[in-house]
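Enquirer:
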Amino acid sequence: MISKLFAVALIAVIVGNIEGKTYNCADGFPSNVSNTTPSSCCAKAHSFDLDVFKSCFNKYGNNPQRAGKGLAGPMNAAECVFECVLNSTKAIQNGLPNAPNLIKSCTASLAGNQDWIPVVTAGINYCIKQTTDNANKLQQSLKNDKIDGTKICSPSSAFMIGCMFTYEFRNCPAKYWNQQKNPACNELKDYFTSCPTPTIN
Numbered sequence: 001m002i003s004k005l006f007a008v009a010l011i012a013v014i015v016g017n018i019e020g021k022t023y024n025c026a027d028g029f030p031s032n033v034s035n036t037t038p039s040s041c042c043a044k045a046h047s048f049d050l051d052v053f054k055s056c057f058n059k060y061g062n063n064p065q066r067a068g069k070g071l072a073g074p075m076n077a078a079e080c081v082f083e084c085v086l087n088s089t090k091a092i093q094n095g096l097p098n099a100p101n102l103i104k105s106c107t108a109s110l111a112g113n114q115d116w117i118p119v120v121t122a123g124i125n126y127c128i129k130q131t132t133d134n135a136n137k138l139q140q141s142l143k144n145d146k147i148d149g150t151k152i153c154s155p156s157s158a159f160m161i162g163c164m165f166t167y168e169f170r171n172c173p174a175k176y177w178n179q180q181k182n183p184a185c186n187e188l189k190d191y192f193t194s195c196p197t198p199t200i201n
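Here it is in structure tokens:
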């Protein structure tokens, strides 16, 4: 299962070192940036249709008990939201992201924003590779999460979207970056550079 820390941002279970700073990614954000939201640091364009996200959140995330008959519990609700988003945009096939469909969907959401389209496209290609490379771990995570054979949502979609989120944040174009000159934003960027992909539990 992918960590529910994606409510803030999905992170990796690795120890990274950037500019002399060491982060234990499993511990979450450093305490001095815990109150700094990524959106306040990077005025990021929306690479997914917000209406789709809202619809999926209302269906699965707003009330875990509505997460679908047979799901293994509240912890899986977040993964169901992300799976719903990718399924709604036809961006996932056979449990793995489909690059052409995902790029087409995200490009449409970006509405011709030439600052972000190259970043998002590169992020999709990077994150599809990461998702594919971790397919066995993700599949094992799915098996481990099943309870008495009940059907639950795959962590692959949450992994993919979490990876895209951190990639886009790390590569935020300069004109959109830290307009409030908050020093915590640079540390948050260092943290996501050290911890670029989501946790696989």
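Numbers 1 to 201, taken from UniProt numbering, label the letters of the sequence shown in order.
Each residue gets a CB set at the ideal place from its N, CA and C atoms; glycine is no exception.
Fair warning: this is a prediction, and the values are worked out from it, not measured in the lab.
What does DSSP give as the partner residue(s) for residue 42 in the beta ladder?
Expert: Residue 42 pairs with 177.
Enquirer: May I ask you to report which of helix, strand or coil DSSP gives residue 202?
Expert: Residue 202 lies beyond the range of the chain shown here (1 to 201); nothing can be said about it.
Enquirer: If you run the structure through DSSP and keep just helix, strand and coil, what is residue 75?
Expert: In this prediction, residue 75 has a pLDDT of 47, which is less than 50 and means its spatial position is unreliable; what the coordinates show is noted afterwards. Here residue 75 sits in helix by DSSP.
Enquirer: Would you identify the three-state DSSP class for residue 37, choosing helix, strand or coil?
Expert: Note: residue 37 maps to coil in three-state DSSP.
Enquirer: Just curious, the alpha helix (DSSP H) that residue 59 is in, first and last residue?
Expert: Here residue 59 belongs to no alpha helix (DSSP H), and DSSP marks it neither H nor E.
Enquirer: For residue 153, collect the residues of the same chain with a Cβ closer than 6 Å to its Cβ; drop the 5 residues on either side in sequence, then sort them by chain order.
Expert: Closer than 6 Å at the Cβ level, and outside the excluded window around residue 153, lie 76, 79, 80, 83.
Enquirer: Considering just the uninterrupted stretch of the alpha helix (DSSP H) at residue 118, what are its terminal residues?
Expert: Counting along the chain, the alpha helix (DSSP H) containing residue 118 begins and ends at 117-133.
Enquirer: Using the three-state DSSP reduction, which class does residue 107 fall into: helix, strand or coil?
Expert: Looking at residue 107 - three-state DSSP - the assignment turns out to be helix.
Enquirer: Note down, in chain order, each residue of its chain lying with its Cβ closer than 8 Å to the Cβ of residue 48, except the 5 sequence neighbours on either side.
Expert: 85, 89, 105, 106, 109, 161, listed in sequence order.
Enquirer: Just checking my contact of residue 99 with residue 124 at CB under 8 Å: how many whole Å lie between their CB atoms?
Expert: Yes, they are in contact, since the Cβ atoms of residue 99 and residue 124 sit about 6 Å apart, within 8 Å.
Enquirer: Report yes if the CB atom of residue 176 is closer than 9 Å to the CB atom of residue 54, and no otherwise.
Expert: No; because the gap between Cβ atoms is not below 9 Å, this pair is not in contact.
Enquirer: The alpha helix (DSSP H) that contains residue 192, what's its start and end?
Expert: Residues 183-194.
Enquirer: Measure from the alpha carbon of residue 187 to the alpha carbon of each residue in 26, 32, 24, then state which is nearest.
Expert: If we check each option's Cα against that of residue 187, 32 comes out closest.
Enquirer: Can you tell which of 166, 173, 97, 30 has its C-alpha closest to the C-alpha of residue 117?
Expert: Taking only the C-alpha atoms, the option nearest residue 117 is 173.
Enquirer: Given that a residue counts as buried once 16 or more other Cβ atoms are within 10 Å of its Cβ, and exposed if not, what is residue 39?
Expert: Residue 39 comes out exposed.
Enquirer: What residue from 182, 170, 111 has the CA that sits closest to residue 126's CA?
Expert: Looking at the Cα atoms, 170 is the closest of the given residues.
Enquirer: For residue 122, which option in 194, 180, 166 has the closest C-alpha, if you only look at C-alpha atoms?
Expert: Taking only the C-alpha atoms, the option nearest residue 122 is 166.
Enquirer: What do you get for residue 155, buried or exposed, if any count of 16 or more other CB atoms within 10 angstroms of its CB means buried?
Expert: That one is buried.
Enquirer: Quick check on DSSP: helix, strand or coil for residue 87?
Expert: Residue 87 falls in the helix class under three-state DSSP.
Enquirer: Can the beta-carbon of residue 23 be found closer than 9 Å to that of residue 185?
Expert: Not in contact: residue 23 and residue 185 (Cβ atoms no closer than 9 Å).
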